[in-house]
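Asks: In this note's numbering, the protein residues as written are 118 to 853.
Glycine included, every Cβ here is placed at the ideal spot set by N, Cα and C.
For clarity, every value in this text was computed on a predicted model and none was experimentally measured.
Can you read through this structure? Questions will come right after.
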Amino acid sequence: MPPDDPRSLLLDGLNDVQRQGVEHGDGALLILAGAGSGKTRVLTHRLAHLVAVHGIPPTRILAVTFTNKAAGEMRERVAGLLGIEDARQLWMGTFHSICLRLLKRHQERLGFRGTMTVFDVEDQTSLIRQVVKELGSEESGVRARDVQSTISAAKNLMLDPDSFEQNGIGPARRRIARIWRAYEARLRAQDGVDFDDILLLTLRLFETNPEIQQRYAERFLHVLVDEYQDTNRAQFGIVRRLASHHGNICVVGDDDQSIYRWRGADITNILEFERHFAAARVLRMEQNYRSTGRILDIANAVIRNNRGRKGKTIWTDRGQGDPVRLHVAEDEEAEAREVARRIEEEIGAGRSPEEIAVLYRTHAQSRPIEEALIRGRIAYRVVGGVAFYQRREVKDLLAYLRLIVNPLDEVSFRRAALAPRRGAGETTCDRIVAAARERDTDLLVAAVHAADWGVAGRGLPALASAAELLLSYRGEADLAPHRLIEEIAGRIDYRGWLQRTQESDWEDRWAHVLEMVEGARGYGESEEQADLAGYLEQVALYAQTDDLRAGEGRAILMTVHNAKGLEYEVVFVTGLEEGLFPHFSSLDDPEELEEERRLFYVAATRARQRLFLSGCRVRRRINFVAGADLSRFLGEIPREMLEADPYAGSFGFRARLRPLRGRPAEPEPFSEEDEPIVEREPSVVSGAGLVARHVRYGTGQVLRIDGAGDRARVEVRFPGWGVKRILRSYLKLEES
DNA sequence: ATTATTGATTTTTTT
DNA sequence: AATCAATAAT
């Protein structure tokens, strides 16, 4: 073969299994790709191979990735192998972005009138709150947030309100089904879709229009899905249908890295792949090219304790590497100081900061670490947290933009009407919305003409002129999104409004608006035809890690979930305590506990060179101080695999292991004779016989007290009020 | 009718 | 700490 022959180029430097993955032609293929086994390489080379060697037109290949950033990177790599033109033609993106594209193409079939608008969780919740209000008193008292998550969970199981209602009994379920129906109706009436709908409606599009399904099934000669272990039932249905004609379905994933069960991901999709797709070929990539032997030993030692897995052991021939260190700190601040100290040490030894990541289970853990890094003058960056596009000030302005594109969007209308305040309130909004529905017109038109129609309201004129402003932009489709944001923010004097709120961080908020303008400018430059609708779509489907750029010279802080698919030279896994990692909510469910264990596995395998594990003995949580046992995952690691700090032992380090229900015995803790040195107050104190007095509820019987001191929570039965849980500091306690 | 204030409630992960 | 609902004040 000549050296520039695509065949040799695309197989160069690949191991045997990887080559098989690249060269596999027709038929179903499952690539079980262990962490760090070079799956991205296989995927990109496979894509290039399909085009260059098999002659498949790029437009007829569909590749689904987990984030849009991953899609972008893969596209770039394919472009490097094939050329830019071919790479651009590939269908590539997340399920959500690809499905939204399909939905928009066929939206008239689904009954959408204007511009389909994506509602995020906050939009959904606010619409549900509205719907509850409109349904009247019988539905009041439910928490909109709870209803939202229940509906979303049900949609993830592919239920509709009817099947949801029949799936169980009870007034709560009937009530939610009723709210759900009303929510769905209102959502459709304003051309809205929520995240779950994007997938469900795609399925429905295929189900009710077999010819459309057939068209795409024939069109895509090959379908590739990355991170298959985190697909849900709807996504499986979509994949199955798209692959139904040619049968060329290639999925890549790792059952040990499935970490989105709580969001509907169904691990059986990957576990049962061979049953779902006849004559599927299975390739196992277990050789790891990322981490040192010691890091892999630890990851393997922990994940071995899971039952629901295909079972594999990743290995490397790159040597043992540096010891994995464990540090047990007194509290979270000490832990943070230690992390900062180690980072300083690494940087001092010539490591550049962007090769370092600090991982944690929950966003709340970032604060002490940030403070320690600031004190140590270490540049860092936090991924996620309050996602940028979820910020109040950003969402306010997005509401204006959304109204230009979709003037039926009531959620955005109400939001924009109230920010800035212009003398019109909720009641005026209600009236305008009602008038618009009544006259079957859109909200901007209704706002402008409301006064003529006899709608009253002090702030109406101001609202009407804001609506006119937005209407005037409707014709100017060629105005770049970032110019639009600037102009609108100026015309409504958004900066002045922020200032008037007198919040201490109003300047930060305004800075976010300016940052948003820059983001929109960047979007305009990167897209060929950058219009407002496209910008809003991109923003709606934006992932927290999508804007993560390497080489900023800053250490990265993020949740383990966000770290999926990433790798760093040095990784800190922090907060390894029972109740935090694994998290409380998983402790009584063996399956959720296994998911936490997979999460630990993902965390550990992000590290290339050095891995630091840490936890603390006492952690301050919002309302109380929790004495913490170390994570059981640490107990699953043979002691000789860890290098604990000398003083970790002097704290009486031991992992307290609770027996798991229905599972084989856990590995032994490190040492039985180690006793915890710090005595903790018992977390539950019997409060029997006490009487509590409350300013509002009067006197009541104390049922129990959780925690100690003024921050304890007391459960009290107040005659006429029922049982309340109240902070002890709000109560007077007396012997009865 | 609108805005400001108070009081209560919450603990996870996010496309 | 931050967000939301109920209540008070304008």
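Does DSSP put Thr385 in a helix, a strand or coil?
Replies: Reduced to three states, the DSSP call for Thr385 is helix.
Asks: Can you tell me which of the three DSSP states Val630 falls into?
Replies: If DSSP states are grouped into helix, strand and coil, Val630 belongs with the helices.
Asks: What does a CB cutoff of less than 7 Å around Ala294 pick up in its chain, not counting 5 residues either side in sequence?
Replies: Correct list, in chain order: Pro278, Phe281, Glu282.
Asks: Just to confirm the assignment, what range does the beta strand (DSSP E) spanning Glu686 have?
Replies: Counting along the chain, the beta strand (DSSP E) containing Glu686 begins and ends at 685-690.
Asks: Return helix, strand or coil for Glu447, following the three-state DSSP convention.
Replies: Note: Glu447 maps to strand in three-state DSSP.
Asks: Extract the residue ranges of the alpha helix (DSSP H) inside the stretch 569-614, only unbroken runs of 4 or more that lie entirely within it.
Replies: With a minimum length of 4 residues, the continuous alpha helix (DSSP H) runs that stay inside the stretch 569-614 are 577-591, 598-608.
Asks: How about the stretch 543-556 and the stretch 521-531: do they share at least three Cβ pairs that are nearer than 8 Å?
Replies: Contact between the stretch 543-556 and the stretch 521-531 is present, because at least three Cβ pairs lie under 8 Å.
Asks: Quick check: the stretch 154-168 against the stretch 314-333, are there 3 or more CB pairs under 8 Å?
Replies: No, because fewer than three Cβ pairs between the stretch 154-168 and the stretch 314-333 fall closer than 8 Å, the two stretches do not touch.
Asks: Output the distance between the C-alpha atoms of Arg136 and Phe701, rounded to the nearest integer angstrom.
Replies: Taking the straight line joining both Cα atoms gives about 43 Å.
Asks: Does DSSP put Arg727 in a helix, in a strand, or in coil?
Replies: Arg727: strand per DSSP, three-state reduction.
Asks: Pairing CB atoms from the stretch 433-445 with CB atoms from the stretch 404-414, are three or more of them under 8 Å?
Replies: With a cut-off of 8 Å, the stretch 404-414 and the stretch 433-445 count as touching, because enough Cβ pairs lie within range.
Asks: Between Ala541, Trp379, Gly287, Val235, which lies nearest to Arg305 when the distance is taken from Cα to Cα?
Replies: Cα-wise, what sits closest to Arg305 is Val235.
Asks: CA-CA distance, His444 and Gln374?
Replies: Going from the Cα of His444 to the Cα of Gln374 covers about 25 Å.
Asks: Taking 6 Å as the limit between beta carbons, can you name the residues of its chain near Asp133, skipping five residues before and five after?
Replies: Counting only Cβ-Cβ distances below 6 Å, and skipping sequence neighbours, we find nothing.
Asks: The beta strand (DSSP E) that contains Arg303, what's its start and end?
Replies: Note, Arg303: premise wrong, no beta strand (DSSP E); alpha helix (DSSP H) at 288-306.
Asks: Tell me the DSSP secondary structure of Thr676 in three-state form.
Replies: In the structure shown, Thr676 sits in a strand (DSSP, three-state: E or B).
Asks: In this structure, does DSSP put Gly285 in helix, strand or coil?
Replies: Gly285: coil per DSSP, three-state reduction.
Asks: Note down the Cα distance separating Ser748 from Val310, rounded to an integer number of angstroms.
Replies: Ser748 and Val310: Cα-Cα distance of roughly 40 Å.
Asks: Would you say the stretch 257-277 touches the stretch 178-193, given that touching needs at least three Cβ pairs under 8 Å?
Replies: Contact fails: fewer than three Cβ-Cβ distances are below 8 Å.
Asks: With which residues is Val441 paired in a DSSP beta bridge?
Replies: Per DSSP, Leu759.
Asks: Which residue spans inside the stretch 468-496 form an unbroken alpha helix (DSSP H) run of at least 4?
Replies: Listed in chain order, they are 483-492.
Asks: Expressed to the nearest angstrom, what Euclidean distance is found between the alpha-carbon atoms of Ala382 and Leu198?
Replies: Roughly 33 Å between the two C-alpha positions.
Asks: Which of the three DSSP states is assigned to Glu669 in this structure?
Replies: Glu669 falls in the coil class under three-state DSSP.
Asks: Go to His566, then tell me how far its alpha helix (DSSP H) extends in each direction, as first and last residue.
Replies: Here the alpha helix (DSSP H) through His566 covers 560-566.
Asks: When the Cα atoms are used, what is the spatial distance from Arg358 to Asp414?
Replies: If I take the Cα positions, the gap works out to 40 Å.
Asks: According to DSSP, is Ala150 part of a helix, a strand, or is it coil?
Replies: Note: Ala150 maps to strand in three-state DSSP.
Asks: Distance check for Asn679 and Ala720, CA to CA, integer angstroms please.
Replies: Cα to Cα, the separation comes out at about 10 Å.
Asks: For the alpha helix (DSSP H) holding Val248, just list the boundary residues, first then last.
Replies: That run of the alpha helix (DSSP H) goes 238-252.
Asks: Which term fits Arg459, buried or exposed, when burial requires 16 or more other beta carbons within 10 angstroms of its beta carbon?
Replies: Per the 10 Å Cβ criterion, buried.
Asks: Going by alpha carbons, who is nearest to Ala270 out of Pro327, Ile366, Ile173, Arg378?
Replies: Ranking the options by Cα distance to Ala270, first place goes to Arg378.
Asks: Three Cβ pairs or more, each shorter than 8 Å: is that satisfied between the stretch 490-500 and the stretch 645-655?
Replies: Because the criterion of three Cβ pairs below 8 Å is not met, the stretch 490-500 and the stretch 645-655 do not touch.
Asks: Looking at C-alpha atoms only, which residue of Thr182, Val238, His171, Arg192 is the closest neighbour of Thr211?
Replies: Comparing Cα positions, the closest option is Thr182.
Asks: Which two residues bound the contiguous beta strand (DSSP E) that contains Asp311?
Replies: Per DSSP, Asp311 belongs to the beta strand (DSSP E) from 309-311.
Asks: Between which two residues does the alpha helix (DSSP H) carrying Val139 extend?
Replies: Per DSSP, Val139 belongs to the alpha helix (DSSP H) from 133-140.
Asks: Check Gln404 in the structure and name its three-state DSSP category.
Replies: Three-state result, Gln404: strand.
Asks: For Ala536, collect the residues of the same chain with a Cβ closer than 6 Å to its Cβ; drop the 5 residues on either side in sequence, then sort them by chain order.
Replies: Answer for Ala536: Asp513, listed in chain order.
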